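Enquirer: Here's a structure for you.
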Amino acid sequence: MQPSAALARISPSPTLAVTTRVQELQRQGIDVIGLGAGEPDFDTPEHIKDAGIRAIRENRTRYTNVDGTPELKAAIAAKFARDNALTYDPSQISVNVGGKHTLFNAIVATVGPGDEVVIPAPYWVSYPDVVQFAGGTPVVVAAGPEQDYKLSPAVLDAAITPRTKWVILNSPSNPTGAAYTVAELRALGEVFARHPRVWVFADDMYEHIVYDDFKFATIAEVCPELYARTLTVNGCSKAYSMTGWRIGFAGGPAWLIKAMAKLQSQSTSNPCSIAQAAAVAALTGPQGFLKERAAAFQSRRDLVVSMLNQTTGMSCPRPEGAFYVYPSFPALIGKRTPKGVVIDSDEAFVGYLLDEARVAAVHGAAFGLSPAMRISYATSEELLRTACERIQEACAALR
Ligand code: PLP
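Take this note's numbering: the final residue in the sequence shown is number 413, and no numbers are missing along the way.
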């Protein structure tokens with residue numbers, strides 16, 4: 015038996031690999047600070063947990079509709095209307111086993127050999143791999159520091175070919191935290207208007223984690239003419255601290271939602287019935303804590319950005335959202351560690367940080383833009399301060 019050709023086209027998630035490595039080291043009693051994981055350190059709020067417990071007690075433990083219970087689809091429709099001024103009928107809503115599953119369903123249902131998907135880099139690690147799994151071609155385009163880590167209209171226009179099926183927009187972004195303003199989305203919308211066959215995959219997973227009065231917007235809301243060819247993707251994982259519950263969802267044209275359900279009916283079937291009940295509570299319950307949690311993330315962002323910008327050789331932009339920073343460090347490449355090892359890549363640099371500073375981050379190459387690293391600041395300010403001090407010392411020791 016050999017692994018399939020489709021499997022050979024993808025790699026294991028590098029971000030999950032870092033988390034696993036940190037857990038191994040911690041189990042061995044090693045004091046390592048993990049800044050690799052992409053999940054909030056907050057607990058799932060009590061009223062959401064209670065809804066899950068109630069669902070168990072009430073025996074809501076059987077199969078549900080393949081792509082979501084009517085209650086959850088109604089809650090998602092209300093969420094899209096409330097937060098995004100978008101109207102979706104239940105037939106236009108898909109509920110999946112996490113946002114990653116939403117991506118997988120949408121891409122595998124629509125992309126095949128010869129199809130291209132435009133992915134701005136740095137990107138969330140799963141985009142290119144899922145496209146490759148489907149047999150399509152990821153077209154990675156630059157959205158680096160000179161463009162504030164956002165796709166520019168000119169770069170988008172140049173990337174589109176007759177084979178382009180989708181363009182992925184992720185705002186706020188994993189790994190940079192950069193988020194598109196209304197004006198920036200409108201400018202991209204003008205390019206899409208010239209390419210009527212191209213679809214938009216709008217990944218809004220970090221919608222509620224934005225700072226400094228930044229006004230989140232999604233492209234189907236800002237450019238209504240794109241509504242019929244946009245999949246608006248979101249989920250409970252990050253906003254509601256529900257990463258383990260695995261609920262992602264999307265709104266889009268009914269035929270696409272139906273195609274995704276067909277695939278889901280032959281793979282996972284419904285998302286966990288208990289998690290779906292909890293997601294109803296998340297989306298319809300009190301929303302005030304979202305701002306409180308975003309405020310906590312904001313002071314952590316300010317701490318980390320300030321400390322990293324005081325680190326030899328490192329430059330760290332101040333992102334508008336998510337809980338990541340993406341410092342770059344071209345000046346450190348080619349330097350030697352105290353043990354004489356040459357830092358020849360960002361992978362070597364994060365290896366040095368893990369071995370010598372006991373701080374785990376994810377190297378930029380995993381996200382398609384080097385030399386940089388992704389730091390997740392979803393942890394306490396005390397740990398963040400210690401981690402940044404360790405990074406400062408490790409960088410100062412390079413020669
Ligand atoms: N989209 C982005 C940009 C993400 O960073 C993630 C998770 O890291 C997801 C989607 C998927 O989240 P999940 O599958 O945990 O719901």
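Glycine included, C-beta positions come from ideal geometry on N, C-alpha and C.
Just so it is clear, the structure is predicted and the values come from calculations on it, not from any experiment.
Quick one, what's near the ligand PLP if you take every residue whose CB is closer than 6 Å to any heavy atom, in chain order?
Expert: Cβ-based neighbours of the ligand PLP within the cut-off: Gly52, Gly112, Gly113, Lys114, Trp138, Asn184, Asn188, Asp217, Met219, Gly249, Ser251, Thr257 and Gly262.
Enquirer: Leu297 and Ala89 - do their beta-carbons sit closer together than 8 Å?
Expert: Numbered from 1 along the sequence shown, position 75 holds the residue referred to as residue 89. Numbered from 1 along the sequence shown, position 283 holds the residue referred to as residue 297. Yes. Within cutoff.
Enquirer: DSSP state of Trp180, grouped into three classes?
Expert: Looking up residue 180 in the sequence shown gives position 166. Here Trp180 sits in strand by DSSP.
Enquirer: Apart from the five residues just before and just after Glu85, which ones in its own chain have a Cβ nearer than 6 Å to its Cβ?
Expert: If you number the sequence shown from 1, residue 85 lands on position 71. So the qualifying residues of the chain are Val294.
Enquirer: Within 10 Å of its beta-carbon, does Asn248 have 16 or more other beta-carbons around it, so buried, or fewer, so exposed?
Expert: Residue mapping note: residue 248 aligns to position 234 of the sequence shown, counting from 1. When all chains shown are included, Asn248 counts as buried.
Enquirer: So if DSSP puts Asn98 in a beta bridge, which residue, or which two residues, is it bridged to?
Expert: The residue you call residue 98 lines up with position 84 of the sequence shown. Note: Asn98 sits in no beta bridge, so no partner.
Enquirer: Could you check how far apart the C-beta atoms of Ser313 and Gly52 are, in whole angstroms? I think they sit under 8 Å.
Expert: Taking the first residue of the sequence shown as position 1, residue 313 is located at position 299. Taking the first residue of the sequence shown as position 1, residue 52 is located at position 38. Not confirmed; about 20 Å, so no contact.
Enquirer: Give the DSSP-derived three-state secondary structure of Asn188 in the structure shown.
Expert: In the sequence shown, counting from the first residue as 1, residue 188 sits at position 174. Here Asn188 sits in coil by DSSP.
Enquirer: Quick check: Asn98 and Thr232, are their CB atoms within less than 8 Å of each other?
Expert: Position 84 of the sequence shown holds residue 98. Position 218 of the sequence shown holds residue 232. Yes; because the gap between Cβ atoms is below 8 Å, this pair is in contact.
Enquirer: Alpha carbons only, please: which of Leu412, Arg388, Ala408 and Ala411 is nearest the one belonging to Thr33?
Expert: To locate residue 33, count along the sequence shown from 1; it is residue 19. Comparing Cα positions, the closest option is Arg388.
Enquirer: What residue range does the beta strand (DSSP E) around Val214 cover?
Expert: As a first step, residue 214 must be located in the sequence shown, where it is residue number 200. Looking at the DSSP string, the run of the beta strand (DSSP E) that includes Val214 is Trp213 to Asp217.
Enquirer: Beta carbon of Ser342, beta carbon of Pro189: below 8 Å?
Expert: Against the sequence shown, residue 342 aligns to sequence position 328. Against the sequence shown, residue 189 aligns to sequence position 175. Against a cut-off of 8 Å, the Cβ pair of Pro189 and Ser342 comes out as no contact.
Enquirer: Grab the span of the beta strand (DSSP E) containing Ser105 for me, first residue to last.
Expert: Counting from 1 along the sequence shown, the entry for residue 105 is found at position 91. Unbroken run through Ser105: none, as it is neither H nor E.
Enquirer: Which value, in whole angstroms, describes the spacing of the CA atoms of Lys229 and Val214?
Expert: Within the sequence shown, numbered from 1, the residue matching residue 229 stands at position 215. Within the sequence shown, numbered from 1, the residue matching residue 214 stands at position 200. Approximately 20 Å, taken between the alpha carbons.
Enquirer: For Arg276, count the other beta carbons within 10 Å of its own beta carbon; 16 or more makes it buried, fewer makes it exposed. Which is it?
Expert: Looking up residue 276 in the sequence shown gives position 262. In the sequence as displayed, the identity of residue 276 is Lys instead of Arg. Classification for Lys276: exposed.
Enquirer: Measuring CA to CA, which of Lys252, Ser18, Asp57 and Val196 is closest to Gly113?
Expert: The sequence position of residue 113 within the sequence shown is 99, counting from 1. Per the Cα distances, Lys252.
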